[in-house]
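For reference, the structure discussed in these notes is given below.
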Amino acid sequence: MTEAVTEPGGVGEVSDSASGGTEGAAGVEGELPEKRVTNAELFFDLVFVLCVTQVSAMLHARHDWAGVGRALVVLVPLYWAWVGTSIQASTHDVDNPVDRVTIFAIGLGGLFMALAVPQAYGGRGLLFGCAYLAVRLVLAARTQWLGGALLGPFGVGAALTGPLLVLGGLLHGGARTGVWALAAAIDLSTPALTRRHLKARVQIHPGHLPERFSLFVLIALGETIVSVGEPVAGIPQLTAAELIAVAVSFVLISALWWVYFAYAADAMRHAVTTAVIQVDMVRQVLSYAHLSLVGSIIAVAVGLTESVEFPGRPLSAGGGALLLGGCALYLATFGYTRWRMFRLHSMTRLVGAAVMLCLLPAAPRLPALATLSLQAGLLVGLNLWEQIRRRGMN
1 MTEAVTEPGG
11 VGEVSDSASG
21 GTEGAAGVEG
31 ELPEKRVTNA
41 ELFFDLVFVL
51 CVTQVSAMLH
61 ARHDWAGVGR
71 ALVVLVPLYW
81 AWVGTSIQAS
91 THDVDNPVDR
101 VTIFAIGLGG
111 LFMALAVPQA
121 YGGRGLLFGC
131 AYLAVRLVLA
141 ARTQWLGGAL
151 LGPFGVGAAL
161 TGPLLVLGGL
171 LHGGARTGVW
181 ALAAAIDLST
191 PALTRRHLKA
201 RVQIHPGHLP
211 ERFSLFVLIA
221 LGETIVSVGE
231 PVAGIPQLTA
241 AELIAVAVSF
251 VLISALWWVY
261 FAYAADAMRH
271 AVTTAVIQVD
281 MVRQVLSYAH
291 LSLVGSIIAV
301 AVGLTESVEF
311 PGRPLSAGGG
321 ALLLGGCALY
331 LATFGYTRWR
341 MFRLHSMTRL
351 VGAAVMLCLL
361 PAAPRLPALA
371 TLSLQAGLLV
381 GLNLWEQIRR
391 RGMN
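Residue numbering for the sequence shown is 1 to 394, as defined by the UniProt record's numbering.
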């Protein structure tokens, strides 16, 4: 009997033919005992709350194209450290003293990286690079101890990209940025380049890993809440416009949550569970797509900060681009994931992304509150339309 997962406009109704066939894979989750995220992993995630906050602050301080690129170069190693830890936790039982200590050690490295982010391109570049190398060495050592493959992201991180970040920390200016960008590119390309070697050796728990990535999306969405609340919390006397801006921002954030968690999260779990080659689905839909999702949410968070600070003024060119462009990227990423999972188009969300981009020229001319309201209205309308379509399919 065909299993169906419905995500109107985002994932769609999934059949065996749409998902590329499930023979030999549909029973993967049924054959494995249920694996839940451990308390140690949740504690570990708290470090990356700070990491996301620091990257958001870096982008807020400078959000021209160069600033966006520098923030992305810093985000990639932070994100990849989290991904490596989550994949290792998904492939092995980590609810034991040794692995808890391993997770905490990686968390300490992540904390040092977070502390280095504000001055990553200044006096704390070496701290950032050394902390990342330490994280990579711990991951590689634990992988080797467990009999895992080092000819892949864990080995490359320890032997190549970690040392490159240390080297970049010793350099200055454009040289540091260039070396770190190279390291980020290598980290991102390694899973694809080593696919043939990994697909026969890595078995991912199909329930655990999608849950881990959805938790990272929650971390990023939490940053949007902080970005909305922090600027106005210290104002002695709030105006009606500021309160309305906060309320509209919360509606927008809730709509972003709805786009992911109402439909897409279950569809991604289904896709990983039924994939013929699990490691491909993990790489394409979880690792790569969620970097785009998290990055786009951080961009929206920075735009929201400017909107609630000065709701009566037009957004700056950079602030408007981050707010609307980040939201467009967020929606467009679901077009990518739907195609990767089921070879189907996500027209509703792709159209939504295009409309967000069409609002960009108006953002510098409208009060920030007006832009914010239009954006929130579009997202709420998209979710309502998908809900109506879903009910029509049932």
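The beta-carbon is built from N, C-alpha and C at its ideal position, and this holds for glycine as well.
Keep in mind the model is a prediction, meaning the values are calculated, not measured.
How long is the line joining the alpha carbons of residue i and residue j, rounded to whole angstroms?
{"i": "residue 211", "j": "residue 242", "result": "35 Å"}
{"i": "residue 104", "j": "residue 97", "result": "11 Å"}
{"i": "residue 209", "j": "residue 183", "result": "25 Å"}
{"i": "residue 177", "j": "residue 70", "result": "7 Å"}
{"i": "residue 262", "j": "residue 334", "result": "13 Å"}
{"i": "residue 110", "j": "residue 44", "result": "9 Å"}
{"i": "residue 287", "j": "residue 57", "result": "24 Å"}
{"i": "residue 427", "j": "residue 128", "result": "The chain is shown only over 1 to 394; residue 427 falls outside these bounds and no answer can be derived."}
{"i": "residue 217", "j": "residue 145", "result": "31 Å"}
{"i": "residue 68", "j": "residue 62", "result": "8 Å"}
{"i": "residue 186", "j": "residue 79", "result": "14 Å"}
{"i": "residue 125", "j": "residue 315", "result": "32 Å"}
{"i": "residue 47", "j": "residue 106", "result": "10 Å"}
{"i": "residue 260", "j": "residue 254", "result": "10 Å"}
{"i": "residue 141", "j": "residue 159", "result": "12 Å"}
{"i": "residue 354", "j": "residue 231", "result": "30 Å"}
{"i": "residue 258", "j": "residue 386", "result": "11 Å"}
{"i": "residue 319", "j": "residue 356", "result": "14 Å"}
{"i": "residue 130", "j": "residue 143", "result": "20 Å"}
{"i": "residue 42", "j": "residue 35", "result": "14 Å"}
{"i": "residue 66", "j": "residue 175", "result": "14 Å"}
{"i": "residue 348", "j": "residue 393", "result": "15 Å"}
{"i": "residue 108", "j": "residue 269", "result": "30 Å"}
{"i": "residue 237", "j": "residue 317", "result": "28 Å"}
So, for residue i: in the same chain, excluding its five sequence neighbours on each side, which residues have a beta-carbon less than 7 Å away from its beta-carbon?
{"i": "residue 295", "result": "72, 75"}
{"i": "residue 181", "result": "73"}
{"i": "residue 29", "result": "Unreliable placement is indicated for residue 29, whose pLDDT of 42 sits below 50; the coordinate value is still reported in the next sentence. Closer than 7 Å at Cβ, skipping near neighbours: 206, 207, 273."}
{"i": "residue 179", "result": "164, 167, 168, 171"}
{"i": "residue 188", "result": "76"}
{"i": "residue 366", "result": "314"}
{"i": "residue 395", "result": "Residue 395 cannot be examined here, being either before or after the span of the chain that is shown, 1 to 394."}
What do you reckon, are the CB atoms on residue i and residue j nearer than 8 Å?
{"i": "residue 168", "j": "residue 84", "result": "no"}
{"i": "residue 81", "j": "residue 135", "result": "yes"}
{"i": "residue 369", "j": "residue 312", "result": "yes"}
{"i": "residue 384", "j": "residue 352", "result": "no"}
{"i": "residue 137", "j": "residue 163", "result": "no"}
{"i": "residue 117", "j": "residue 204", "result": "no"}
{"i": "residue 152", "j": "residue 91", "result": "no"}
{"i": "residue 329", "j": "residue 292", "result": "yes"}
{"i": "residue 271", "j": "residue 285", "result": "yes"}
{"i": "residue 215", "j": "residue 37", "result": "yes"}
{"i": "residue 341", "j": "residue 245", "result": "no"}
Answer with buried or exposed for residue i, where buried requires no fewer than 16 other C-beta atoms within 10 angstroms of its C-beta.
{"i": "residue 102", "result": "buried"}
{"i": "residue 382", "result": "buried"}
{"i": "residue 113", "result": "buried"}
{"i": "residue 239", "result": "exposed"}
{"i": "residue 191", "result": "buried"}
{"i": "residue 64", "result": "exposed"}
{"i": "residue 358", "result": "exposed"}
{"i": "residue 173", "result": "exposed"}
{"i": "residue 14", "result": "Reliability of the predicted coordinates at residue 14 is poor, the pLDDT of 39 falling under 50, and no value is obtained from them."}
{"i": "residue 88", "result": "buried"}
{"i": "residue 388", "result": "exposed"}
{"i": "residue 235", "result": "exposed"}
{"i": "residue 123", "result": "exposed"}
{"i": "residue 391", "result": "exposed"}
{"i": "residue 321", "result": "buried"}
Once the 5 residues before and after residue i are set aside, which same chain residues still bring their CB inside 6 Å of it?
{"i": "residue 139", "result": "84, 154"}
{"i": "residue 290", "result": "213"}
{"i": "residue 77", "result": "132"}
{"i": "residue 50", "result": "114"}
{"i": "residue 120", "result": "74, 128"}
{"i": "residue 161", "result": "183, 186, 187"}
Using a Cβ-Cβ cut-off of 8 Å (strictly less than) and excluding sequence neighbours within five positions of residue i, which residues of its own chain qualify?
{"i": "residue 40", "result": "94, 95, 99, 100, 103, 104"}
{"i": "residue 298", "result": "52, 55, 56, 59, 71, 75, 220, 223, 326"}
{"i": "residue 402", "result": "It is not possible to answer for residue 402, since the shown part of the chain is limited to 1 through 394."}
With a threshold of 8 Å between beta-carbons, can residue i be considered close to chain B, or not?
{"i": "residue 232", "result": "The displayed structure is made up of one protein chain only, and chain B is not part of it."}
Would you check if there are 3 or more beta carbon pairs closer than 8 Å linking the stretch 373 to 382 to the stretch 354 to 362? yes
Cβ contact (3+ pairs, closer than 8 Å) linking the stretch 248 to 261 and the stretch 288 to 308: yes
Evaluate contact between the stretch 217 to 228 and the stretch 286 to 303, counting only Cβ atoms and requiring at least three cross-stretch pairs below 8 Å. yes
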